[in-house]
Amino acid sequence: MNKTAIIFCLLFSIHAQGQPSEFASYKRYINEAEYWAYVGKPDTAAQLYAHAFAHFSFRQTPIDLYNAARASALSNKSKECAFYLNKALQQNQSWVKFGIQKKDSLLFRNCLGAAFDTLENRASILAEAIDSSKQILHKKVVFYQGEDNRLTNAKDWNKRSELHQTLLADVEANGYPGIYNSGTDILSIVFLHIDEVNMDCAIELMYKAMLTGEVTPYEYASMMDYFQYRTGNKKAMYGSHQCIKMEEQDYSYYIEERLKTGVSIFFQKPTRTPWKPKVPTEWFENTNILSPYFILDTVIE
Numbered sequence: 001m002n003k004t005a006i007i008f009c010l011l012f013s014i015h016a017q018g019q020p021s022e023f024a025s026y027k028r029y030i031n032e033a034e035y036w037a038y039v040g041k042p043d044t045a046a047q048l049y050a051h052a053f054a055h056f057s058f059r060q061t062p063i064d065l066y067n068a069a070r071a072s073a074l075s076n077k078s079k080e081c082a083f084y085l086n087k088a089l090q091q092n093q094s095w096v097k098f099g100i101q102k103k104d105s106l107l108f109r110n111c112l113g114a115a116f117d118t119l120e121n122r123a124s125i126l127a128e129a130i131d132s133s134k135q136i137l138h139k140k141v142v143f144y145q146g147e148d149n150r151l152t153n154a155k156d157w158n159k160r161s162e163l164h165q166t167l168l169a170d171v172e173a174n175g176y177p178g179i180y181n182s183g184t185d186i187l188s189i190v191f192l193h194i195d196e197v198n199m200d201c202a203i204e205l206m207y208k209a210m211l212t213g214e215v216t217p218y219e220y221a222s223m224m225d226y227f228q229y230r231t232g233n234k235k236a237m238y239g240s241h242q243c244i245k246m247e248e249q250d251y252s253y254y255i256e257e258r259l260k261t262g263v264s265i266f267f268q269k270p271t272r273t274p275w276k277p278k279v280p281t282e283w284f285e286n287t288n289i290l291s292p293y294f295i296l297d298t299v300i301e
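Reminder that position 172 of the sequence shown reads as 172 in the numbering used here, one-by-one numbering, no gaps.
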């Protein structure tokens, strides 16, 4: 094993040992709730979302709240539906307003009745509010992503490394501008390209961002996979990055590694909005592989 691989393995082992098991457990409930909703069991999904939100104190992402609201609406739980939708609206994501007023308006109106009019009006008011700090950070993220793309295409590795050092210092000083802070997670694309000399800092910052909800566990796992791929381990750990080729005999390995970090074992990538098609994992329909990992005892036949 070369020096780079040794350093990488040692660095990851520190993270694996320090990983709060509570976060992985929280995401396990969320991810399985998404599964049960996908296979047409919204009541089961609603119960899992309720348990996750009640028993863990991690920040709830807008898409998790919205998905919980949809499951509640389909289960005719009006109180829970309204509560989740109001919390999702507080994040001021434009797609939440669109979902409430357009995509799922009939579903929510059927569940909430007359209370839907108040919620719909609140969605319009919140969407019109200007969050200047979020807009500034969004522009900054777009700048970093654009420069990283330009320098990558130009193969100007020295200037790209300097850009990454500036970026990492910025994130370390001001926090990760992700889902909450900037309204986008495209900065994770830049983190994939960070070179070896800045790798340990990048892993640390992305790890913290994952725990605070600024990026999904998938973004973290994809970065870790790609870092390993670039340093010689073509197998990687999570099978989350597009360049990693999973083999059938390794499915249980990837599933168990994903569970440790909170990556979904059911879907390959995080869905940006609830109505976009999900991409199931390669083992999704194999109940023999999946059944030992379900939180609930009942598995869809």
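From the three backbone atoms N, C-alpha and C, an ideal C-beta is built for every residue, glycine too.
If you're wondering where the values come from, they're calculated on a predicted model, not measured in any experiment.
### Query
Where does A54 land, buried or exposed, given buried means 16+ other C-beta within 10 angstroms?
exposed
### Message
By the three-class DSSP mapping on this structure, what secondary structure does F359 have?
### Response
Look at the range of the chain in this structure, 1 to 301, and you will see that residue 359 is not part of it.
### Query
For W36, does the count of other Cβ atoms within 10 angstroms reach 16, so buried, or fall short, so exposed?
Burial of W36 is indicated by the presence of at least 16 other C-beta atoms within 10 angstroms of its C-beta.
### Message
Less than 6 Å between C-beta atoms, sequence neighbours within five positions excluded: which residues of the same chain meet that for A68?
### Response
Y49, Y84
### Task
Taking R170 as part of the alpha helix (DSSP H), name the residues at either end of that continuous run.
A small correction: the amino acid at residue 170 is Asp; Arg does not occupy that position in the sequence shown. D170 -> alpha helix (DSSP H) spans 157–174.
### Query
By how many angstroms is the C-alpha of N174 removed from the C-alpha of E196?
23 Å
### Query
Buried or exposed: which applies to L65, given that a residue is buried once 16 or more other Cβ atoms fall within 10 Å of its Cβ?
buried
### Which listed residue (A114, D104, L74, A123) has its alpha carbon closest to that of A88
A123
### Query
What span of residues does the alpha helix (DSSP H) with N86 cover, start to end?
78–89
### Query
Under 8 Å between the Cβ atoms of F56 and E34?
no
### Message
Spatial neighbours of L168 within its chain, please: C-beta separation below 7 Å, excluding the five flanking residues on both sides.
### Response
N198, C201, A202, L205
### Query
With 16 other CB atoms within 10 Å as the buried threshold, where does Q90 fall?
It is exposed - the Cβ of Q90 has fewer than 16 other Cβ atoms within 10 Å.
### Task
Answer with buried or exposed for A73, where buried requires no fewer than 16 other C-beta atoms within 10 angstroms of its C-beta.
Buried, by the Cβ-count rule.
### Message
Run through the DSSP bridge pairs and tell me what P280 is partnered with.
### Response
F267
### Message
If I measure Cβ to Cβ from A154 and keep anything under 7 Å in the same chain, skipping five residues before and after, which residues do I get?
### Response
So the list is empty, once near-sequence residues are dropped.
### Query
Are there 16 or more other CB atoms within 10 angstroms of the CB of Q135, so buried, or fewer, so exposed?
exposed
### Query
Out of T61, I194, I125, which has the shortest C-alpha to C-alpha gap to K159?
I194
### Nonlocal neighbours in the same chain, by C-beta distance under 7 Å from P270, ignoring five residues either side
T216, Y218
### Task
Using beta-carbon positions only, say whether I187 and Q145 come within less than 8 Å of one another.
Residue identity differs from the one stated: residue 187 is Leu in this sequence, not Ile. Contact: yes.
### Query
Looking at C-alpha atoms only, which residue of F116, D185, G232 is the closest neighbour of E214?
When only C-alpha atoms are compared, the closest one is D185.
### Task
Flag this pair as yes or no: are the beta carbons of R109 and F98 separated by less than 8 Å?
no
#### Entry: Boundaries (first-last residue) of the alpha helix (DSSP H) holding L219
The sequence as given places Glu at residue 219; Leu does not occur at that position. E219 -> alpha helix (DSSP H) spans 217–230.
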